[in-house]
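Q: Sharing a structure here in structure tokens format.
There are 2 protein chains.
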Amino acid sequence: MSKKGLLIVISGPSGAGKGTICKELLNRNKNIKLSISATTRPPRKGEVDGENYFFTKKEEFEEMIKNDTLLEYAKVYDNYYGTPEEYVIKNLENGSNVLLEIDIVGALKVKAKYEEAILIFILPPSLEELKNRIVGRGTESEEDIKKRYGSALDEIEQAIKYDYAVINYDVKRATDDIEAIIRAEGCKMMRMDKIIKKIF
Amino acid sequence: MSKKGLLIVISGPSGAGKGTICKELLNRNKNIKLSISATTRPPRKGEVDGENYFFTKKEEFEEMIKNDTLLEYAKVYDNYYGTPEEYVIKNLENGSNVLLEIDIVGALKVKAKYEEAILIFILPPSLEELKNRIVGRGTESEEDIKKRYGSALDEIEQAIKYDYAVINYDVKRATDDIEAIIRAEGCKMMRMDKIIKKIF
């Protein structure tokens, strides 16, 4: 069955737990491939090209921008980060679902370029919990924590632009929600009509 | 949590197995209530008012039509059949999901009146299987079977107007699909935004 895969885009404020949820989702579903970003920043110790990132020269990256072969990109300080379209599209056409964990600006760019993308926003279960999780990292100064908390609230306001919201009461439940979304999206008439025509 | 319930409308050609799937869905989910139709036909032996149907006098039914308190209705031979809006809305507002097993014409009327309704079309896995299931009932003449088969194909053409298509490869899998649809629909941003506003 050559049904096209789904592009699943997951965002959420820091402290919402999206990293853990994405990991659980990938562990459970061998048919979901994590999208690999391209970056011009040099590899860190242990990072593998084509696995953690596609490590790319600046000129190559700017060539990709020029040729419009990135689903989205951003410049952070002096480095580019972006999502090469080819890797994503190739996997989707092979019938794999592709997972993209990305910030809101990037997610909305992806949706603008690839309308079928499914945008899922992960939320912490409460304000207290959000605060606890940000503090709980124990790696940041009080000022950083305040900044993170403030920008998390700003981000939550943007959630309304997403297709789905998943509240992270616990990782299992949130991952179950995302699996249900993926299964349901696969049953959407716009994705089933070709199969129906083929059968009948 | 006073989250509003979902109105789930299930249709499909005869032989698709929707009755069995609906039964399984209700067995698994105590939070799904089967909508009860009103009818002017007299109760058959063993049928209970308010359980199998709301048995209604013709004048009462015509009053409901006049007052626009039915989600949909149809006249079959001399009898009216319809879906009283009050029972459905009351359950939805109490947070129950409501299941409506209904024909295509009725389903599209419901959607026109209650846009949030989720329309799911159940399909047999193949033409052969459809034929087998219609024949397998063993209760009909060859002519009836041909008629049923023809009208099933006509109905499948209408499937495109539904939100979701579920292929009944087997009852468990089809019911899992519908449960995923219900869970995913509950995560849709338009249904989550109030909860998000409340938390944050």
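Chains as they are written, first to last, in the numbering used here: chain C, 1 to 200; chain L, 1001 to 1200. Note that CB positions come from ideal geometry on N, CA and C, so glycine has one too.
(1) Please classify Asp1177(L) as buried or exposed, where buried requires at least 16 other C-beta atoms within 10 Å of its C-beta.
(2) Would you kindly work out how many angstroms separate the C-alpha atoms of Val1048(L) and Lys1058(L), rounded to a whole number?
(3) Going by DSSP, which residues form a beta bridge with Gly1082(L)?
(4) What did DSSP end up calling Val1048(L) once you bin it into helix, strand or coil?
(5) Looking at Gly1050(L) and the ligand PLP, is the gap between the Cβ and the nearest heavy atom below 7 Å?
(6) For the structure I just gave you, are there three or more beta carbon pairs, one from the segment 21-38 of chain C and one from the segment 64-81 of chain C, closer than 8 Å?
(7) For Tyr53(C), collect the residues of the same chain with a Cβ closer than 6 Å to its Cβ; drop the 5 residues on either side in sequence, then sort them by chain order.
(8) At the 8 Å Cβ level, is Val1171(L) part of the contact set with chain C, yes or no?
(9) If you draw a straight line from the alpha carbon of Phe1055(L) to that of Ile1065(L), how long is it in whole angstroms?
(10) So which residues of chain C does Arg1148(L) contact, with C-beta pairs closer than 8 Å?
(11) Going by CA-CA distance only, name the one from Asp1144(L), Asp1078(L), Glu1179(L) and Thr1083(L) that's closest to Gly1050(L).
(12) Am I right that Ile1195(L) and Ile156(C) are in contact with their C-beta atoms under 8 Å? What's the rounded C-beta distance?
(13) Based on DSSP bridge pairs, tell me the residues matched to Lys188(C).
(14) When the Cα of Ile102(C) is compared with those of Tyr77(C), Lys146(C), Ala117(C) and Gly136(C), which residue comes out closest?
(15) At which residue ranges does the segment 1095-1142 of chain L contain complete alpha helix (DSSP H) runs of 4 or more residues, listed in the order of the chain?
(16) May I have a chain-ordered list of the beta strand (DSSP E) segments no shorter than 3 residues that lie completely inside the segment 1003-1036 of chain L?
(17) Leaving out the 5 sequence neighbours to the left and right, which residues in its chain are closer than 6 Å to Val110(C) when beta-carbon positions are compared?
(18) Using 10 angstroms around the beta-carbon of Tyr1077(L), count the other beta-carbons present and answer buried if the total reaches 16, otherwise exposed.
(19) On the DSSP bridge list, what partners appear for Tyr53(C)?
(20) Quick one: is Leu99(C) near chain L, going by C-beta distance under 8 Å?
(21) If you measure from the beta carbon of Phe1054(L) to each beta carbon in chain C, is any gap under 8 Å?
(22) So, do the segment 1084-1095 of chain L and the segment 1128-1135 of chain L have three or more beta carbon pairs nearer to each other than 8 Å?
(23) Output yes if chain C places a C-beta closer than 8 Å to the C-beta of Ile1156(L); else output no.
(24) Taking 8 Å as the cut-off, decide whether the C-beta atoms of Ile1122(L) and Gly1017(L) are in contact.
(25) I'd like the list of long-range same chain contacts for Lys1161(L), defined as Cβ closer than 7 Å, with 5 residues on each side in sequence excluded.
(26) Name the two residues that bound the continuous alpha helix (DSSP H) containing Phe1061(L).
(27) Quick check on Tyr169(C): does DSSP put it in helix, strand or coil?
(28) Between Leu1092(L) and chain C, is any beta-carbon pair separated by less than 8 Å?
(29) Which one of Lys1113(L), Ala1074(L), Glu1060(L) and Val1105(L) has the shortest CA to CA distance from Glu1085(L)?
(30) At least one CB of chain C closer than 8 Å to the CB of Met1192(L): is that the case?
(31) Any residues in the segment 1109-1130 of chain L with a beta carbon nearer than 9 Å to a beta carbon of chain C? Which ones, in chain order?
(32) Pull up the distance between the alpha-carbon of Lys147(C) and that of Glu128(C), whole angstroms please.
(33) With distance defined between alpha-carbon atoms, name the residue in Leu1007(L), Ser1011(L), Ser1126(L) and Gly1138(L) nearest to Asn1031(L).
(34) Answer with yes or no whether the minimum CB distance from Asp103(C) to chain L is below 8 Å.
A: With the structure as the only source:
(1) When all chains shown are included, Asp1177(L) counts as buried.
(2) If I take the Cα positions, the gap works out to 18 Å.
(3) Bridge partners of Gly1082(L): Ala1038(L) and Tyr1073(L).
(4) DSSP, read as helix, strand or coil, puts Val1048(L) in coil.
(5) Looking at this structure, you won't find the ligand PLP or any other ligand, since it has none at all.
(6) Yes, the segment 21-38 of chain C touches the segment 64-81 of chain C.
(7) So the qualifying residues of the chain are Ser37 and Thr39.
(8) It does not; no Cβ of chain C falls within 8 Å.
(9) Their backbone Cα atoms lie some 15 Å apart in a straight line.
(10) Within 8 Å Cβ-Cβ: nothing; Arg1148(L) doesn't reach chain C, min ~15 Å.
(11) When each option's Cα is compared against that of Gly1050(L), the closest is Thr1083(L).
(12) The C-beta distance from Ile1195(L) to Ile156(C) rounds to 12 Å, too long to meet the 8 Å contact threshold.
(13) DSSP output for Lys188(C) lists Tyr1164(L) as bridge partner(s).
(14) Nearest option by C-alpha distance: Ala117(C).
(15) Whole alpha helix (DSSP H) segments, 4+ residues: 1104-1113 and 1127-1136.
(16) Runs found: 1007-1011 and 1032-1034.
(17) Its chain contains Val9, Leu71, Glu72 and Ala117 as the residues whose beta carbon lies nearer than 6 Å to that of Val110(C), once the 5 sequence neighbours on both sides are disregarded; these appear in chain order.
(18) It counts as exposed.
(19) BP columns for Tyr53(C) point to Ser37(C) and Asp49(C).
(20) Under the Cβ distance rule, Leu99(C) does not count among the residues neighbouring chain L, no pair being separated by less than 8 Å.
(21) No, its Cβ sits nowhere closer than 8 Å to a Cβ of chain C.
(22) Not touching, per the Cβ criterion.
(23) At least one chain C Cβ lies under 8 Å of Ile1156(L).
(24) The Cβ-Cβ distance between Ile1122(L) and Gly1017(L) falls below 8 Å.
(25) When the five nearest sequence neighbours on each side are left out, the beta carbons in the same chain lying within less than 7 Å of the beta carbon of Lys1161(L) are those of Leu1108, in order along the chain.
(26) Lys1058 to Asn1067 is the span of the alpha helix (DSSP H), which, as asked, contains Phe1061(L).
(27) Three-state result, Tyr169(C): coil.
(28) By this cut-off, Leu1092(L) is not an interface position.
(29) It is Lys1113(L).
(30) Yes, its Cβ sits closer than 8 Å to a Cβ of chain C.
(31) Those residues of the segment 1109-1130 of chain L placed with their C-beta closer than 9 Å to a C-beta in chain C are Leu1119, Ile1120, Phe1121, Leu1123, Pro1124, Pro1125, Ser1126, Leu1127 and Leu1130, ordered along the chain.
(32) For Lys147(C) and Glu128(C), the gap between their C-alpha atoms comes out near 16 Å.
(33) That would be Leu1007(L), whose Cα lies nearest to the Cα of Asn1031(L).
(34) It does not; no Cβ of chain L falls within 8 Å.
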